[in-house]
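Counted the way this note's numbering counts, the sequence shown spans residues 5 to 379.
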Amino acid sequence: MRISANFDAGNIQVISLDDKDNIQLAIRPDEGGEFFQWFNFRFEGQAGSIYRLNITNAGESSYTKGWENYQAVASYDRQSWFRLPTRYENGQLLIEVALDCEAIQIAYFAPYSYERHLDLLSAVQLHPEVSLEHLGLTLDGRDMTLVKVGDGNPDKKNIWITARQHPGETMAEWLIEGLLNRLLDSECATAKALLDKANFYIVPNMNPDGSARGHLRTNAIGVNLNREWQTPSLEKSPEVYYVTQKMQQTGVDLFYDVHGDEGLPYVFLAGCEGIPAWGERLASLQQDFISALTLASADFQSQYGYDKDAPGQANMTVASHWVGETFNCLSNTLEMPFKDNDNLPDPFVGWSPERCVYLGEASLIAMLAVVDKLR
């Protein structure tokens with residue numbers, strides 16, 4: 005038996021490999037120790053054998069409700085991901101692995117590697133409507149890259165989309181991949197209509213350092229970027245600083261910040277009802293967007309989600325709240341599950357990269373439904 009996590013986004017600590025029925029592991033916390041939940045490792049054993057893995061510190065993780073009814077994901081080829089029998093009891097996460105091949109990769113959700121991120125940037129730049137802009141460097145010296153789609157016409161609406169402020173929420177960049185591929189599809193009428201009316205500014209990965217380090221929620225020095233938007237700094241949160249500076253240059257008419265939620269088994273939006281600028285105009289736009297996304301994707305729903313903030317009580321350090329208030333625009337956080345979507349469950353794959361891709365495509369339909377009303 006052998007376990008390795010010495011690769012991009014790898015995260016696990018081996019405590020004991022002495023007993024194949026009780027392999028003991030632990031998740032390594034993010035820098036600073038405040039958060040941990042993400043794991044991603046390669047397991048090698050004998051094909052045809054059954055192994056039982058025990059993540060011993062699951063009960064001390066950031067979101068223990070995230071383990072309820074959760075199933076770990078796995079892949080033999082790192083392309084197709086499926087769920088493994090998993091249960092949470094007595095503060096431990098127990099994963100059963102019946103090996104069909106000698107090696108398998110096991111993760112909290114299907115990883116979206118830094119190499120795939122670079123491949124995505126390289127692929128989309130070939131499109132005549134796309135240009136890439138280097139915004140600056142992260143604390144570990146990685147590039148913060150903005151994907152610009154459109155002709156930059158100032159009379160058009162400006163749509164901003166960000167993903168992976170929390171790096172372990174890899175479903176967010178899977179969604180961006182689907183959204184970008186559809187937006188750049190010359191045969192897609194929705195994309196054509198949107199690009200006639202809007203310029204897109206897309207940051208596929210807001211937290212490259214945390215992604216490569218195998219963090220759940222923070223950047224290289226343990227800072228939660230989605231609490232930095234009111235006062236970002238080059239010392240603590242250059243990722244947010246560069247993006248807000250660019251937003252001030254372009255303006256924002258619609259903001260879509262893409263995330264994943266550990267506990268809730270649904271796809272939902274968290275709006276900015278608690279910001280001071282909230283009123284009839286934004287409320288009407290929000291309802292139109294929700295109605296359109298509900299029709300565009302059967303995975304989306306509005307019954308379950310976070311409690312709405314009371315008027316004036318929004319946390320202004322959060323991206324969607326700061327952007328909504330600063331630009332008086334339609335601004336949402338989209339949340340997807342790590343588990344399955346209980347409205348349309350799939351016991352074999354649960355919520356998956358493919359479903360994220362489709363939701364990204366559906367998101368464009370909702371944007372088209374409101375684009376004429378944004379300004």
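Note that beta-carbon positions come from the ideal geometry of N, C-alpha and C, so glycine has one too.
Item	Value
By Cβ distance, which residues of its chain are closer than 6 Å to residue 298, with the 5 residues on each side in sequence left out?	304
Measure the C-alpha to C-alpha separation of residue 153 and residue 116 and round it to an integer number of angstroms.	22 Å
Nearest to residue 341 by alpha carbon, out of 377, 368, 279 and 262?	262
Contact criterion: CB-CB distance below 8 Å. Does residue 11 meet it with respect to chain C?	The displayed structure is made up of one protein chain only, and chain C is not part of it.
Helix, strand or coil: how does DSSP classify residue 256 here?	coil
Looking at C-alpha atoms only, which residue of 62, 335, 190 and 256 is the closest neighbour of residue 132?	190
Looking only at its chain, what residues have a beta carbon closer than 7 Å to the beta carbon of residue 320, apart from the 5 residues adjacent to it on each side?	234, 326 and 329
Taking all protein chains shown into account, do 16 or more other C-beta atoms lie within 10 angstroms of the C-beta of residue 121, making it buried, or fewer, making it exposed?	buried
Give the DSSP bridge partners of residue 138, in chain order.	149
So the candidates are 40, 254, 22 and 315; which of them puts its Cα closest to the Cα of residue 163?	254
Does DSSP put residue 10 in a helix, in a strand, or in coil?	coil
Indicate whether the contact test is met: 3 or more Cβ pairs, each with one atom in the region 272–287 and one in the region 244–253, closer than 8 Å.	no
Which two residues bound the contiguous beta strand (DSSP E) that contains residue 217?	Residue 217 -> not in any beta strand (DSSP E); alpha helix (DSSP H) instead, spanning 212–217.
Less than 8 Å between the C-beta atoms of residue 183 and residue 151, yes or no?	no
Taking the beta carbon of residue 270 as the centre, do at least 16 other beta carbons fall within 10 Å, making it buried, or is it exposed?	buried
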